[in-house]
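J.:
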Amino acid sequence: MSFGDRFLENPALFPARHSGEPWGDRTVVINFAGGPYAFTQLSAVQAAAARDRFGDLCRLPAEQPAVTARVFRAPAEDFRAITEIPWEYTFDMDYAPAWVRLAGLKFMARLDWAPELRVALWTPEDATLVSHGAFENLFRVIVAYRLLEQGGVLLHSAGVARAGETYLFCGRSGAGKSTLSRLSLAAGHTVLSDDINALGPTDAGIMVEKLPFAGDLGQTAAPSGSYPVRAICRLEKGSEHALQRLSPAQAVAALLACSPFVNQNPYRRDALLHTLTTLLGTIPAYTLKFALNAQFWDVLNNRCANDHTPAYPFDGAEKKS
Amino acid sequence: MTTPLLTPSTVLRKSLDVRHRQIGDEAVVIRQTAGEVLVVNDVGGAVLDLLDQAPTVQALLDRLAGQYDVARSVLEQDIPIYLQELLDAGVIEVQSS
Numbered sequence: 000m001s002f003g004d005r006f007l008e009n010p011a012l013f014p015a016r017h018s019g020e021p022w023g024d025r026t027v028v029i030n031f032a033g034g035p036y037a038f039t040q041l042s043a044v045q046a047a048a049a050r051d052r053f054g055d056l057c058r059l060p061a062e063q064p065a066v067t068a069r070v071f072r073a074p075a076e077d078f079r080a081i082t083e084i085p086w087e088y089t090f091d092m093d094y095a096p097a098w099v100r101l102a103g104l105k106f107m108a109r110l111d112w113a114p115e116l117r118v119a120l121w122t123p124e125d126a127t128l129v130s131h132g133a134f135e136n137l138f139r140v141i142v143a144y145r146l147l148e149q150g151g152v153l154l155h156s157a158g159v160a161r162a163g164e165t166y167l168f169c170g171r172s173g174a175g176k177s178t179l180s181r182l183s184l185a186a187g188h189t190v191l192s193d194d195i196n197a198l199g200p201t202d203a204g205i206m207v208e209k210l211p212f213a214g215d216l217g218q219t220a221a222p223s224g225s226y227p228v229r230a231i232c233r234l235e236k237g238s239e240h241a242l243q244r245l246s247p248a249q250a251v252a253a254l255l256a257c258s259p260f261v262n263q264n265p266y267r268r269d270a271l272l273h274t275l276t277t278l279l280g281t282i283p284a285y286t287l288k289f290a291l292n293a294q295f296w297d298v299l300n301n302r303c304a305n306d307h308t309p310a311y312p313f314d315g316a317e318k319k320s
Numbered sequence: 000m001t002t003p004l005l006t007p008s009t010v011l012r013k014s015l016d017v018r019h020r021q022i023g024d025e026a027v028v029i030r031q032t033a034g035e036v037l038v039v040n041d042v043g044g045a046v047l048d049l050l051d052q053a054p055t056v057q058a059l060l061d062r063l064a065g066q067y068d069v070a071r072s073v074l075e076q077d078i079p080i081y082l083q084e085l086l087d088a089g090v091i092e093v094q095s096s
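Those protein sequence lines, which keep their order, are chains A and B.
248 is the number that numbering that gives the first Met the number 0 gives to position 249 of the first sequence; each next residue is one higher, with no gaps.
75 is the number that numbering that gives the first Met the number 0 gives to position 76 of the second sequence; each next residue is one higher, with no gaps.
1) Cβ of ARG62/B less than 9 Å from any chain A Cβ?
2) Would you mind sorting LEU59/A into buried or exposed? The rule is 16 or more other CB atoms within 10 Å of its CB.
3) For the region 9-26 of chain B, list every residue whose C-beta sits within 7 Å of some C-beta in chain A, in sequence order.
4) Classify SER1/A: buried if its beta carbon has 16 or more other beta carbons within 10 angstroms, exposed otherwise.
5) Can you find the residues in the same chain that come closer than 6 Å, C-beta to C-beta, to ASP41/B, ignoring five residues on each side of it along the sequence?
6) Given this structure, state the Cα-to-Cα distance separating GLN94/B from ALA197/A, to the nearest angstrom.
7) What residues of chain A sit near ILE91/B, judged by a beta carbon separation below 9 Å?
8) Would you say TYR88/A faces chain B, with C-beta separation under 9 Å as the test?
9) Whose C-alpha, out of ALA58/B, ARG30/B and ALA45/B, is nearest the C-alpha of GLN21/B?
10) What's the gap between the Cα of THR32/B and the Cα of MET92/A?
11) Go through its chain and collect everything with a Cβ distance to GLY170/A's Cβ below 6 Å, but skip five positions before and after it.
12) Which word fits GLY99/B, buried or exposed, when buried means at least 16 other C-beta atoms lie within 10 angstroms of its C-beta?
13) Please tell me whether LEU104/A and ILE141/A are closer than 9 Å, where the distance is taken between their beta carbons.
14) May I have the straight-line CA-CA distance separating PRO35/A from ALA95/A, to the nearest angstrom?
15) Give a yes or no on whether the minimum CB-CB distance between THR281/A and chain B is below 9 Å.
16) Compare the C-alpha of VAL99/A against each of LEU137/A, LEU12/A, ASP77/A and VAL28/A and name the closest.
17) Please identify the residue among ARG18/B, ASP87/B, LEU5/B and THR6/B whose C-alpha is closest to the C-alpha of ALA252/A.
18) Spell out the partners DSSP gives VAL228/A in its beta bridges.
19) Give the residues of chain A in contact with GLN52/B, contact being defined as C-beta atoms less than 9 Å apart.
20) Output the distance between the C-alpha atoms of LEU60/B and TYR311/A, rounded to the nearest integer angstrom.
21) Just how far apart, CA to CA, sit GLY150/A and LEU275/A?
22) Is the beta carbon of PHE168/A less than 9 Å from the beta carbon of PHE71/A?
23) Taking only beta-carbon atoms, is TYR251/A less than 9 Å away from chain B?
24) So is LEU59/B in contact with chain A if we call contact Cβ pairs under 9 Å?
25) If we ignore side chains and look at the alpha-carbon of each, how far apart do ILE78/B and GLN249/A end up?
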């Protein structure tokens, strides 16, 4: 199938420019890693739903945004009638050096670099724009690209802060991130997100930033902000807990596999590899075999206590092809 | 998976959607279309590096024999098996038999 075939009645008519009929005149500015992010031309209903969803992260529209996403009306007839909406689905993405196109359930969007990132969203959804997921699906993609621009990365991971140090447990759906997060919460630790976290450079070093995106666990009570990263663990289910250091290539591959959206874009591959090797130049990385109980913290305590050797010990550019 | 039998004259190439990067003594291999990321050992990285200049199995063996301090007979036994694994993983493909 070609781009958009699953979701659009006529993919050939996908908008080539950021133009159309605005939904309204409301703006919502949301600030966290890589932001502030401004969504403009929203209807009153859409804006209220976005403010309700993102709460304290919303800022006054006067704040200068890092990225602006304009929202346009699209006729419902432009989209395929899909009656059974799966809980999780993948939307279509299409790439060029200067743009990314997205098509999903009741939305199409494009990200353009000219040279700064600009975003446009077309949707027939008014009251359900946020609750049906189109808004957040696009938002995650925007954040992934924005973080990459800043030398950071969005990671499919559970983020757990404990005694001032944060561990990222990377893995795709089913790897045990939510189970590990629940066990960590029960043990009194701080869970940032059980699904997706930001990792990137700050003035204080490489930090994990809590994002307003969560998986099965839902939003946690952890305060927004940055947390110092201690180690990254690739999560694998096992019959007993075990921790093993990853080789440099294994560490890069683990993060590459868990960097959603940008890791599928051939035009961003070199930038992503550069970012990952830079980040791993300061952080230890392991494989954690996880036996679905809280004793894994004992293994981490024993093994990580004196290990600060970064996963990627090289300082030169690696050969590519 | 069924794959063609490799002969010394079989011409191989890196799959069109595959990119790789040598990191330390391993290589990260990205299969863009499949959305897969693999790690191969130094021989795998060397094979991917050499395929552009030495695309036949015979030429690969000649080049690898110059790079590794291993008996030719060992290479002739092991490399076709490894190439078959790379074929099965979709990392390389047969251009012509």
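Built from N, CA and C at the ideal position, the CB exists for glycine as well.
T.: Reading off the structure:
1) no
2) exposed
3) Answer set for the region 9-26 of chain B: ARG18, HIS19, ARG20, GLN21, ILE22, GLY23, GLU25 and ALA26.
4) Classification for SER1/A: exposed.
5) The residues ASP24, in chain order, have a CB closer than 6 Å to that of ASP41/B in the same chain once the five nearest residues on each side in sequence are set aside.
6) 42 Å
7) Listed along chain A is no residue with a C-beta nearer than 9 Å to that of ILE91/B; the closest approach is about 13 Å.
8) no
9) When each option's Cα is compared against that of GLN21/B, the closest is ALA45/B.
10) Distance from the CA atom of THR32/B to the CA atom of MET92/A, rounded to whole angstroms, is 12 Å.
11) LYS176 and LEU234
12) Residue 99/B is absent from the structure shown; chain B starts at 0 and stops at 96.
13) Going by C-beta atoms, LEU104/A is not nearer than 9 Å to ILE141/A.
14) The straight-line gap from Cα to Cα measures roughly 25 Å.
15) no
16) LEU137/A
17) ARG18/B
18) THR165/A
19) Ordered by position in chain A, no residue passes the 9 Å Cβ test against GLN52/B, which lies about 12 Å from the chain.
20) 31 Å
21) 9 Å
22) no
23) According to the sequence shown, residue 251/A is Val rather than Tyr. So, interface residue.
24) no
25) If I take the Cα positions, the gap works out to 23 Å.
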